[in-house]
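Everything on this sheet refers to the single structure shown next.
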Amino acid sequence: MHHQSMKSTKHILQKFIAKTGQIAVLIDPEVTNSKLKLQPIVEKAEFAQVDYFFIGGSTVTRADFEKTTAILKSLTKIPLVIFPGDHQQLSNDAEALLYLSLISGRNPEYLIGQHVKSAQEVLKLDLEILPTAYVLISGGTQSTVAYVSQTTPIPRDNFSIALNTAVAGVLQGNEIVYFDAGSGARQPVDAELIKKVNQQLKTVVIVGGGVRSIEEIEVLKTAGTNVIVIGNKIEEDIDFLLDIQNYKSKVTS
């Protein structure tokens, strides 16, 4: 009798692959964990035709994580994708789990240690499990992810290390490369890096951290980024979702 229940059909992965310039709104359950806070974000995100909600954070409690995911699921049909900060950020209320291996650093805890702790639980989840090469790029600030994971991000202008890290991650079998400049980054990941990755690899590219304008979204889309993740900017200025709506309606028209 075999217990595996992971979804074998990868709908979310196929959606990621389908086009560039998709938008994910990142919800950090430590900051945004009540219906009162989530409702206006969901309403504006739906109006903006946002493609995904990513949910997770570096220092989130299990209770906040589960509560927030359940509230989100009750409020919206936008797909929920877990972007976990550690092994206990799991929930069957989401549709997919970015199964992150932090391959830019050399801390085995975030390469495989956290995964071993939750392996049995993840195996039983009825989620799409998406093996993801997670690459931290310096965004000009000390990011929480770098601090918590005790790893050093790759310097922003060192394309060769970042590119070789991505290539190694894909050769190891990861289906997605996620470049993250970290929450509140002063500068987002350089679009030139994304161009170089796309010249060498056929893979899904996700970029997050420090994306604060429609211009930056457009530059990353043109470079071939499949999913662009917006976090802090929406916490600070929820009306940025109206700009995204404008951008999305231009793209689809």
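Under the working numbering, the first residue of the sequence shown carries the number 2, and numbering increases by one thereafter. Ideal Cβ positions, reconstructed from N, Cα and C, are used throughout, including at glycine.
Reducing DSSP to helix, strand and coil, say where Asp87 ends up. In the three-state reduction of the DSSP assignment, Asp87 falls in the coil class, being assigned neither a helical nor a strand state.
Option in Glu44, Leu91, Lys45 and Tyr148 with minimal Cα separation from Ile130: Leu91
Reduced DSSP category for Pro1 - H, G, I as helix; E, B as strand; rest coil: The question about residue 1 has no answer, for the chain in this structure spans 2 to 254.
Ordered list of alpha helix (DSSP H) runs contained in the stretch 65-130, each at least 4 residues: With a minimum length of 4 residues, the continuous alpha helix (DSSP H) runs that stay inside the stretch 65-130 are 115-125.
Proximity below 8 Å, CB of Lys197 to CB of Phe160: yes
Where does Val190 sit, in a helix, a strand or coil, going by DSSP? coil
In chain order, what residues of the same chain lie with their CB nearer than 6 Å to the CB of Ser139, ignoring the 5 residues before and after it? If the five residues before and after Ser139 are omitted, its C-beta is found closer than 6 Å to the C-beta atoms of Pro154, Pro156 and Arg157, all from its own chain and listed in chain order.
Let me make sure I understand the geometry here. Which of Leu76, Lys11, Val228 and Val43 has the alpha-carbon closest to that of Asp240? Minimum Cα distance to Asp240 is reached at Val43.
Hey, would you say Thr152 sits closer than 8 Å to Ser105, going by beta carbons? yes
Please classify Asn108 as buried or exposed, where buried requires at least 16 other C-beta atoms within 10 Å of its C-beta. Asn108 is exposed by the Cβ-count criterion.
Contiguous alpha helix (DSSP H) assignments of at least 4 residues, all confined to the stretch 189-218: 192-201
Between the alpha carbons of Ala169 and Leu37, how many angstroms are there, rounded? 43 Å
Report all residues from its chain with a CB closer than 6 Å to the CB of His88; omit the five preceding and five following residues, and keep chain order. The residues are Gln115, Lys118 and Ser119.
With DSSP as the reference, label Ile18 as helix, strand or coil. Three-state result, Ile18: helix.
According to DSSP, simplified to helix, strand and coil, what is Asp244? helix
Cα-Cα separation between Gln201 and Gln23, rounded to whole angstroms: 21 Å
So what's Gln40 in DSSP terms, helix, strand or just coil? helix
Considering only DSSP beta bridges, list what Phe54 is partnered with. In DSSP, Phe54 forms a bridge with Val26 and Leu81.
Under 6 Å Cβ to Cβ from Ile72, same chain only, skipping five residues before and after it: list those, please. Lys36 and Leu39.
Rounded to the nearest angstrom, what separates Leu164 and Glu67 at their Cα positions? 35 Å
Contact check, Gly141 vs Arg187 under 8 Å by CB: the rounded distance? 4 Å
So Lys136 and Tyr179 are supposed to be a Cβ contact under 8 Å. How far apart are they, rounded? Here the sequence assigns Val to residue 136, which means Lys is not the residue at that position. Indeed they touch by this definition, with Cβ atoms about 7 Å apart.
Leaving aside the five residues before and after Met2 along the sequence, list all residues of the same chain whose C-beta is less than 7 Å from its C-beta, in chain order. Note on Met2: pLDDT 47, under 50, position unreliable in the model; no value is reported.
Please name the residue or residues paired with Tyr179 in a DSSP beta bridge. Tyr135 and Ile207
Ala25, buried or exposed, once every other Cβ within 10 Å from all chains shown has been counted against 16: Buried is the call here.
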